[in-house]
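Protein chains: 4
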Amino acid sequence: MPERHEPRGFMFPRSPEGRDSIVPAPPWHYSGEMLTIEYRTEPARVAELLPAPLEPAAEDPGAVAVIWADWQSCSDSFEELLDPVRSQYKEAFVVVRCRYKGDTYSRCVYIWVDKDFALVRGYHQGYPKKLGEIWMTRPVTVGRAGPRLESGGRFGATLSASGRRLIDATFTIAEPSEGAGFVNAFPMLHHRFMPRIESDGSDALQELVTMRGYDVELGPAWKGEAAIRLHDSPVEELIRLEPKEMIAGYWRSVGTFWKAGTTLGKRRG
Amino acid sequence: MPERHEPRGFMFPRSPEGRDSIVPAPPWHYSGEMLTIEYRTEPARVAELLPAPLEPAAEDPGAVAVIWADWQSCSDSFEELLDPVRSQYKEAFVVVRCRYKGDTYSRCVYIWVDKDFALVRGYHQGYPKKLGEIWMTRPVTVGRAGPRLESGGRFGATLSASGRRLIDATFTIAEPSEGAGFVNAFPMLHHRFMPRIESDGSDALQELVTMRGYDVELGPAWKGEAAIRLHDSPVEELIRLEPKEMIAGYWRSVGTFWKAGTTLGKRRG
Amino acid sequence: MPERHEPRGFMFPRSPEGRDSIVPAPPWHYSGEMLTIEYRTEPARVAELLPAPLEPAAEDPGAVAVIWADWQSCSDSFEELLDPVRSQYKEAFVVVRCRYKGDTYSRCVYIWVDKDFALVRGYHQGYPKKLGEIWMTRPVTVGRAGPRLESGGRFGATLSASGRRLIDATFTIAEPSEGAGFVNAFPMLHHRFMPRIESDGSDALQELVTMRGYDVELGPAWKGEAAIRLHDSPVEELIRLEPKEMIAGYWRSVGTFWKAGTTLGKRRG
Amino acid sequence: MPERHEPRGFMFPRSPEGRDSIVPAPPWHYSGEMLTIEYRTEPARVAELLPAPLEPAAEDPGAVAVIWADWQSCSDSFEELLDPVRSQYKEAFVVVRCRYKGDTYSRCVYIWVDKDFALVRGYHQGYPKKLGEIWMTRPVTVGRAGPRLESGGRFGATLSASGRRLIDATFTIAEPSEGAGFVNAFPMLHHRFMPRIESDGSDALQELVTMRGYDVELGPAWKGEAAIRLHDSPVEELIRLEPKEMIAGYWRSVGTFWKAGTTLGKRRG
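Residue numbers (my numbering), protein chains in the order written: chain A, 1 to 269; chain B, 270 to 538; chain C, 539 to 807; chain D, 808 to 1076.
In structure tokens:
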């Protein structure tokens, strides 16, 4: 009698040869461009997004980063790079900071992407991803249809979901920068959860996890002035994070690598 | 000091008022049209999709149903029906049967949808959903640009993902039918799982669940001849379910209701 | 020496066998569902959309119809019906009335569709089509996720383009209706034009044409109360047609057939 | 009595303030990246795409270029750059050469784009555009998820339309290059046409035009080995241009500017 093989694969659907997984198994390599816009909102508006026992950051607790990224990503096979529908995606996400057991973390509270593999990869990492339509100006080196990476270069960035514009932003380069902001600079602290199929208000999976990228390779960063407008939607509470004071905008090329995070706590379902 | 409120919502992202959840809380109502095509493949090709301790169905173990559905769905608020981008979606899915503890179940092994709320609602129910582009002919009552629901009415149905056509099918109505096939007629038996964030090959969530629709309201069914072609893709193993013998096709309007399933087993992460 | 064959096809691209045409050759058959919302705006806002010598309608010159349609269409081969990505499309369009040489016509001033074949077919007919994302509630016969075609049935309809919501509307059925409105009830009077490639402000093609559907087959119509909101966009002037007084809404299934229109006038480029 | 103003705008829809035009008025600026793959097919397969009096090129008459481009474009207002959904688009197109009155021209025979403004801008220029889904690998400067612009850098490029993959291609950089191929290097020779609305087999507009970009600013070019596979579709004859011998692939950044072309001939409708 032939040996029985289990369906396999990193993620669903698990299949005989394991090729069907909606996202290939880690490690995952990323190369892309990030536009970060930082501002301050009412600290209470950040605090209300933090489930206990997370606490607001000790300093500048109302700081928010809204980030657009235009990525290529791939597995260790690198084969996705030659079928770029499987490697290119864009995302827009909102990051705040929090404290847990005395340490400061970054935490993604809202995020939109434009591919299914990025959506489910995010669920593995605790990112609360939805689908959206993300656009960001690209710098150019020839012609007039785009900014140069130099003082005066102007960028636009937008987010829409379900046919509604949610964010409009602009960024103008002023000067080179050492870094690209402080809000998204800590290890991420995320919850991963899945409600019980009994739909009884409790979760079958409820984990506190932390993660960060490794082998980060950074291009030169640029800093400048930014403006941002948040728009309302019946299915988003994003506008509660109303900007009170702009901090700055940043643009940088980023390469990174992700393999695994760490489970900090787990509530048994 | 003000009372601290936790972010809330059925699904991620959990937010201050709970409006951000990618899918509203159950119960969910569904009304739509389903085209079911049943055929037989090699029974071993079905068996290789069943993780232990699931066993192939005792009778006709190579039976497969490929189903297209064009849905409206909504929560108990019914508000999604007036913003139809949030209620309409299409899906194509592949169902087989299996045995577990002496009972026969239906099991969805592959499924594609075209909206994010449907994707994540499926994860709650154990459906291994990907995004796809789904098309199915609609019956009409006036004009010549579509089949009538009567003998001779011809329908097409297709599925694409990542810019590749995966399935082409046709169906021709022969006669009224009592039912709409036997493969998708049992309670569903699904696994819900999420790999540990440590990406170490084990799952943080690993559940066996069962579920079915309630208050099913059925329109008249039609039966007829069907043809189906499966196409290859580097990221799909669908073509392993190669048709050896066609059974029949069915078309029917379906209304249903879903609130909760039942956890049959759980492996602690 | 072999005979030389010209590339052929109804529309571009013309190709050796003529199969590449972005839209198959007429005649075209249509079957679908139409939701019509009529209201009155300032008559001057309609008049400013009419190039001379077109004049506003003699009666009720501020009447506007905003129409959503969910179509299947096909050529005389009917083959598109079995590959429904080539036959199904949705559109939302704005119609006003005008007078020309003593006769009253309907005229489409803005229109959005979601497929390229519909876009270019529209250019042939003088419709000024753009791409958009169109949604309209569908009536259902089973289940609770949709309205019945009966008094109290509620429908939503929306239009977005470039990630911006442009129109939100609702319609509630009150009673059966003889007709489905008066604004879109006349033969269409359209301009077809194409600027000279010299981009010198003159048109290489500049025609006044009229057209209408033939062999129209109508299902029962329903009438009721409608509400509509127009939203702003940097690339649309739709909001100039601000509603001052609602007239009514109508829902009806429509089948029709189109083969040719008539050129009324031509300015030589 | 107030002066009557005509609806205005470069392209349809013409509107009171002229803001509705599906594409802003020229001039248009372009900055982007182009991947060109050149090969030889049977010369007869190129000749059958050339309407009389166009003749095949005197030398290498079977040469074909398939080109992917990832563009930003904008008008002289440059405002589209800050709302990048209106400036970014991708295209894939097929170019051959021909002779007319003793001169050699390039001619685009098939082309797919992913935005409506690019589609209609193409119609102004005589490009026979359809909508498609276009992907091409981007070079990166940091991280491992993409090729460097250096020897060994590997790129993939794909085209799909109506949910069918039409082209898969790969390119590997071997060395710097003086140019980026010879097939798309001549002024374009296009037909612009629109069938009469009488749909009687004759064209209301039928022009022979020529055009080229100006103020072209070129980045360094790279040359290397390319592979390409064409796939069948019921609505495309692309596979008739079957590759018999590969020539080479090229990658280059390109900036250009377009304002106007020249009408060479006109057949009165």
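All C-beta atoms, glycine included, are put in the ideal place defined by N, C-alpha and C.
Bear in mind the structure is a predicted one, so any value in this text is a computation, not a measurement.
Taking 7 angstroms as the CB threshold, Val-411 of chain B lines the interface with chain C.
In the three-state scheme derived from DSSP, where H, G and I count as helix and E and B as strand, Ala-430 of chain B is classed as strand. Taking the Cβ atoms as the reference, Ile-442 of chain B lies roughly 4 angstroms from Gly-493 of chain B, within the contact range of under 8 angstroms. If you draw a straight line from the Cα of Tyr-752 of chain C to the Cα of Ala-798 of chain C, it is about 10 angstroms long. Residue contact with chain A for Arg-703 of chain C: present (Cβ-Cβ distance below 7 angstroms to some residue of chain A).
The beta carbon of Ser-967 of chain D falls within 7 angstroms of a beta carbon belonging to chain B, placing the residue at that interface. The secondary-structure analysis by DSSP pairs Glu-982 of chain D across a beta bridge with D:Lys-1030.
Annotated three-state conformation of Asp-352 of chain B is coil, per DSSP. The alpha-carbon separation between Cys-343 of chain B and Glu-286 of chain B amounts to approximately 19 angstroms. The three-state secondary structure of Tyr-127 of chain A, taken from DSSP, is coil.
With contact defined as three or more Cβ pairs closer than 8 angstroms, the region 842-851 of chain D and the region 1041-1057 of chain D are in contact. Excluding the 5 residues flanking it on each side, Phe-193 of chain A has same chain C-beta neighbours closer than 6 angstroms at Asp-203, Leu-205 and Gln-206, in chain order.
Membership of Val-747 of chain C in the beta strand (DSSP E) is indicated by the continuous run 741-749. Going by DSSP, Val-315 of chain B is part of no beta strand (DSSP E) but of the alpha helix (DSSP H) stretching over 312-316. Spatial neighbours of Ser-828 of chain D in its own chain (CB-CB distance under 6 angstroms, excluding positions within 5 residues in sequence) are listed in chain order as Gly-816, Phe-817 and Met-818. For Glu-940 of chain D, at least one C-beta of chain B is nearer than 7 angstroms to its own C-beta.
Of all alpha-carbon atoms in D:Glu-1043, D:Ala-968, D:Gly-929 and D:Val-903, the one lying nearest the alpha-carbon of Leu-856 of chain D is that of D:Val-903. Within chain B, the residues placing a beta-carbon under 7 angstroms from that of Thr-794 of chain C are Gly-412, ordered along the chain.
In the structure shown, Arg-144 of chain A adopts coil according to DSSP, grouped into three states. Each residue's CA atom was taken as its position, placing Leu-418 of chain B and Gly-448 of chain B some 15 angstroms apart. Within its own chain, the residues whose Cβ lies closer than 6 angstroms to the Cβ of Ala-603 of chain C, once the five positions on either side in sequence are excluded, are Thr-574, Glu-576, Val-633, Gly-719, Val-721 and Asn-722, listed in chain order. At least 7 angstroms separates the beta-carbon of Leu-1037 of chain D from that of Arg-852 of chain D. When beta bridges are read from the DSSP output, Asp-437 of chain B appears opposite B:Thr-427 and B:Arg-498.
Judged by DSSP secondary structure, Lys-1073 of chain D falls within the beta strand (DSSP E) whose first and last residues are 1069-1073.
Between the region 349-356 of chain B and the region 656-670 of chain C there are fewer than three inter-stretch CB-CB distances shorter than 8 angstroms, so the stretches are not counted as touching. With contacts defined by Cβ atoms closer than 7 angstroms, Pro-946 of chain D and Asp-883 of chain D do not form a contacting pair.
For Val-378 of chain B, the three-state secondary structure derived from DSSP is strand. DSSP places Gly-660 of chain C within a helical segment (H, G or I) once states are collapsed to three. Contact between Arg-423 of chain B and Thr-439 of chain B holds, with the beta-carbon distance rounding to 7 angstroms and staying under 8 angstroms. Residues of chain A whose Cβ lies closer than 8 angstroms to the Cβ of Ser-342 of chain B do not exist, since the nearest Cβ in that chain is about 15 angstroms away. Comparing alpha carbon positions, the residue from C:Gly-793, C:Pro-594 and C:Arg-552 closest to Ala-607 of chain C is C:Gly-793. Close to Met-732 of chain C, with beta-carbon spacing below 8 angstroms, are these residues of chain D in chain order: Tyr-930, His-931, Arg-999, Met-1001 and Leu-1012. Within the region 584-595 of chain C, contact with chain D at the beta-carbon level (separation under 7 angstroms) is assigned to Glu-586, Leu-587, Pro-589 and Ala-590. Within its own chain, the residues whose Cβ lies closer than 7 angstroms to the Cβ of Val-389 of chain B, once the five positions on either side in sequence are excluded, are Met-280, Ile-291 and Val-292, listed in chain order. Each residue's CA atom was taken as its position, placing Asp-116 of chain A and Asp-923 of chain D some 25 angstroms apart. Nearest C-alpha to Ile-1046 of chain D among D:Met-995, D:Gly-963, D:Tyr-917 and D:Pro-1027: D:Tyr-917.
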